[in-house]
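Beneath this line is the structure, given in structure tokens, with notes to follow.
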């Protein structure tokens, strides 16, 4: 079995195996004519359950043949222009090349003696991102597994910076459309059940700063501690961007940590056209960025940035077998001193390769394209009497629902939209997401593919309307 270990004696085996795999994927990408096959869990599960993992195939070609049957054929392909659902982007080739390199070398970014140049490349990218944000010369950060972990770490630092042990007094303020990880983080951090104060949003789905000021004042009057305000630069449902300058002013007034969740909106950091939409982000104490959303990177590639590097000490622990305290005085750069993770992939290499091949302007231009597409899509929806569109996009998300001309019952309209989404997914012709707005069911386009066109949007809208009309033409007891 040593012949399968990657080393100097198996380099040719490695080359042949990976090349065969790449050729399979390339052929599949070239032949994919829709984002999904429509396979159901009931159809696919028996095929996977029938595989005996204790009886290896002992042949790469046979294993790839099997993989075609249980994965590649029925995967959801984000690169297809009619995948319009979640915050999943098509990926750029330089990043995929980086993924291949980092997987083979298999550096672990916890300590210098496991990564060497990888540590310095990650630190360089953190400095680059912090400069793009405008956090100042004392800024720092670390790569993470994704926005949820980044938000958790930011709120951990905010909690520790309050310098209180009375956790039940701590309050975190976030808008009603902020990411669920805010509530999840509060629970993981041991805060009370009332710790997260939900702030209402305006008609554009942006945090109401008047309401935030009221809640902060109420917190102060009650003798509670405003631990943090989470402003969102690109909400998951609407792509809305909270009024960052006004929120920054309130955080300074009340002594609250300002965290900006820019997991989605971070693509604007590379934009020449729309960068102004996140003005004020430079005043944050911490920022979440997800390169695997709007920098066109493979999962996972995320980071948390902080204005003051010293605050990262709250995530620091020393172990003699890994990062003994003496290494600090010896100026040995161990990234584990900043991270919630220990063993950690060299995900920064993907972004490094992307910047070195495409440049920041190249990334920004791609993100600008999808923002422009969303603006055109909004015009289409606003002019189409079949649909109700919620808000004009700030980024690349459209939330809408089909409104039949002859039906007025809201529950029936809900069921028609749910059916349309389900039927569209089952057909494999397109994939769209769904959410609720004021208790009613809506559909969602998350446009992250520059290859998607207004013609694609129009075609998918017609498909949605057709499925909804088909549902409404059948007995109502068929509700899904």
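In my numbering, the protein residues as written are 40 to 519. For each residue, glycine too, the CB sits at the ideal point set by N, CA and C. The structure displayed is predicted, hence computed values, not measured ones.
Short Cβ contact (8 angstroms threshold) for residue i with residue j
{"i": "residue 459", "j": "residue 441", "result": "yes"}
{"i": "residue 213", "j": "residue 237", "result": "yes"}
{"i": "residue 193", "j": "residue 428", "result": "no"}
{"i": "residue 220", "j": "residue 186", "result": "yes"}
{"i": "residue 100", "j": "residue 190", "result": "no"}
{"i": "residue 469", "j": "residue 346", "result": "no"}
{"i": "residue 257", "j": "residue 403", "result": "no"}
{"i": "residue 96", "j": "residue 107", "result": "no"}
{"i": "residue 74", "j": "residue 130", "result": "no"}
{"i": "residue 201", "j": "residue 195", "result": "no"}
{"i": "residue 308", "j": "residue 162", "result": "no"}
{"i": "residue 126", "j": "residue 485", "result": "yes"}
{"i": "residue 87", "j": "residue 64", "result": "no"}
{"i": "residue 225", "j": "residue 211", "result": "yes"}
{"i": "residue 165", "j": "residue 179", "result": "yes"}
Inter-residue spacing [alpha-carbon to alpha-carbon] between residue i and residue j
{"i": "residue 228", "j": "residue 372", "result": "28 angstroms"}
{"i": "residue 205", "j": "residue 233", "result": "14 angstroms"}
{"i": "residue 330", "j": "residue 365", "result": "34 angstroms"}
{"i": "residue 265", "j": "residue 293", "result": "7 angstroms"}
{"i": "residue 501", "j": "residue 248", "result": "39 angstroms"}
{"i": "residue 240", "j": "residue 278", "result": "13 angstroms"}
{"i": "residue 497", "j": "residue 378", "result": "45 angstroms"}
{"i": "residue 270", "j": "residue 90", "result": "47 angstroms"}
{"i": "residue 119", "j": "residue 445", "result": "34 angstroms"}
{"i": "residue 432", "j": "residue 336", "result": "23 angstroms"}
{"i": "residue 353", "j": "residue 198", "result": "10 angstroms"}
{"i": "residue 420", "j": "residue 261", "result": "46 angstroms"}
{"i": "residue 58", "j": "residue 250", "result": "57 angstroms"}
{"i": "residue 464", "j": "residue 148", "result": "39 angstroms"}
{"i": "residue 183", "j": "residue 341", "result": "5 angstroms"}
{"i": "residue 399", "j": "residue 243", "result": "29 angstroms"}
{"i": "residue 299", "j": "residue 92", "result": "45 angstroms"}
{"i": "residue 263", "j": "residue 506", "result": "51 angstroms"}
{"i": "residue 155", "j": "residue 55", "result": "29 angstroms"}
{"i": "residue 383", "j": "residue 68", "result": "29 angstroms"}
{"i": "residue 418", "j": "residue 70", "result": "32 angstroms"}
{"i": "residue 493", "j": "residue 124", "result": "16 angstroms"}
{"i": "residue 230", "j": "residue 207", "result": "6 angstroms"}
{"i": "residue 349", "j": "residue 40", "result": "48 angstroms"}
{"i": "residue 9", "j": "residue 511", "result": "Because the chain here runs from 40 to 519, residue 9 falls outside it and cannot be looked at."}
Paired residues, beta bridge with residue i - DSSP
{"i": "residue 300", "result": "271, 327"}
{"i": "residue 265", "result": "210"}
{"i": "residue 342", "result": "182, 328"}
{"i": "residue 474", "result": "481"}
{"i": "residue 427", "result": "440"}
{"i": "residue 123", "result": "471"}
{"i": "residue 165", "result": "BP columns for residue 165 are empty, so no partner."}
{"i": "residue 216", "result": "According to DSSP, residue 216 bridges with nothing at all."}
{"i": "residue 237", "result": "213"}
{"i": "residue 246", "result": "240"}
{"i": "residue 280", "result": "272"}
Top-ranked residue by Cα proximity to residue i, from the options
{"i": "residue 12", "options": "309, 150, 189", "result": "A query on residue 12 cannot be resolved here, the shown segment of the chain reaching from 40 to 519 and no further."}
{"i": "residue 360", "options": "492, 152, 493", "result": "152"}
{"i": "residue 410", "options": "384, 487, 478, 479", "result": "487"}
{"i": "residue 480", "options": "319, 353, 456, 52", "result": "456"}
{"i": "residue 286", "options": "258, 323, 115", "result": "323"}
{"i": "residue 188", "options": "380, 351, 164", "result": "380"}
{"i": "residue 439", "options": "476, 41, 493, 196", "result": "476"}
{"i": "residue 473", "options": "495, 492, 503", "result": "503"}
{"i": "residue 62", "options": "84, 96, 111, 48", "result": "111"}
{"i": "residue 267", "options": "465, 162, 254, 42", "result": "254"}
{"i": "residue 491", "options": "222, 482, 415, 179", "result": "415"}
{"i": "residue 275", "options": "305, 289, 93, 295", "result": "305"}
{"i": "residue 489", "options": "511, 195, 509, 122", "result": "122"}
{"i": "residue 334", "options": "109, 54, 407", "result": "407"}
{"i": "residue 302", "options": "160, 369, 308, 332", "result": "332"}
{"i": "residue 509", "options": "67, 172, 461", "result": "461"}
{"i": "residue 44", "options": "124, 158, 321, 145", "result": "145"}
{"i": "residue 173", "options": "349, 318, 426, 495", "result": "318"}
{"i": "residue 482", "options": "52, 499, 50, 98", "result": "499"}
{"i": "residue 338", "options": "103, 217, 385, 70", "result": "385"}
{"i": "residue 175", "options": "430, 320, 434", "result": "320"}
Cβ-heavy atom distance, residue i to the ligand PLP, below 7 angstroms
{"i": "residue 192", "result": "With respect to the ligand PLP, the structure shown offers nothing to examine, as it has no ligands at all."}
Do the stretch 442-456 and the stretch 73-83 make contact, defined as three or more Cβ pairs closer than 8 angstroms?
-> no
Touching by the beta-carbon criterion (3+ pairs, under 8 angstroms), the stretch 386-397 and the stretch 124-142 = Touching, yes, given that three or more Cβ pairs across the two stretches are closer than 8 angstroms.
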